[in-house]
Structure formats: C-alpha cells, structure tokens
Amino acid sequence: MTPTRHSPAIAVAFLVVVSVLVAGAAADAGDDKSDCSIAQTAFSECTGYVMGVDDTITPRCCRGLDAVKDLASTKDQRRDICACILSEMLAAGKVKSGRAAALPAACGLRGISFIPTNLGFDCSRIA
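If you're matching positions, the sequence shown starts at 1 in this note's numbering and goes up one per residue.
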C-alpha cells in the first residue's frame, strides 16, 4: 500500500486549526494565557512561510507580527510571547531559521527580537 501524501497547504491548515484550538483553550486560563492565544493566532499567519511551505510573506503575516509586537512591551511579556510562539513552532516541527529571523525586517517592523528562530531557541535570554 502506498502512503498518502498530503499537500503542504493541508499541513498549514491543520496547524492553524490546532493553533486556534490551543489558543481558545489557553484563553480560558486567564489574562496571560489570553495574550499567548492572541500571539499564537496572530503568528499563525506567518507559520507557512516560516515552515518553508509558502514562498512569500503575506500582508496578513506582517499585520499579525505587528499585533504580536504590541503584546510585548516588557521583558517578561516578550519572554512569554516568545515561549508561546515557540510552542506553535514546536507543534509544527519545522522552522527555517533564516525565514524566521528575517520576518521583522521583511515586514518593515523594528524592535522585534523575541521571535524564535529555531526549535531550540531559549526565550529566557530575551532582554
């Protein structure tokens, strides 16, 4: 029997659905978790590009990244948001480091140094 191959679009759609479900569950846990769910949902617009499934960064990704930036004005918030996004990346299981690192500049955003760039990223080192 030949294994079934799913298109990359299906994988991204599945990841977005899982992220939304996780975000919804996290939203019920309190305010800090609500910021996490918002960050995960906003960043989910960039997941396809960061995974290497999509070839271009969409305007929705840049708007989502800008929303993520607005959630992270303190060091603790940046660390928490980093950990939330990292958990989404870990769920995806694949990150193209160069793409993740280039997102803020590609979107014309400054002051976003807390986006994980690989699956082993240490969010506790965020300043």
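The beta carbon of each residue, even a glycine, is placed where N, CA and C say it ideally should be.
- Task: Apply the 10 Å Cβ neighbour rule to Y97 and answer buried if 16 or more other Cβ atoms are within range, or exposed otherwise.
- Result: Here residue 97 turns out to be Ser, not Tyr, going by the sequence shown. The residue in question, S97, is exposed, as its Cβ has fewer than 16 Cβ neighbours within 10 Å.
Subject >> Coarse secondary structure for A127, derived from DSSP in three states >> reply: coil
task = Output the boundary residues of the alpha helix (DSSP H) element that contains L86.
result = 75-92
Exercise. DSSP state of C61, grouped into three classes?
Worked result: helix
Item checked: Residue closest to A67, alpha-carbon to alpha-carbon, out of R125, I126, Q40 -> Minimum Cα distance to A67 is reached at Q40.
Using the Cα positions of M145 and S124, report the straight-line distance between them to the nearest angstrom. The structure shown does not extend to residue 145, since the chain is modelled only from 1 to 127, so the question has no answer here.
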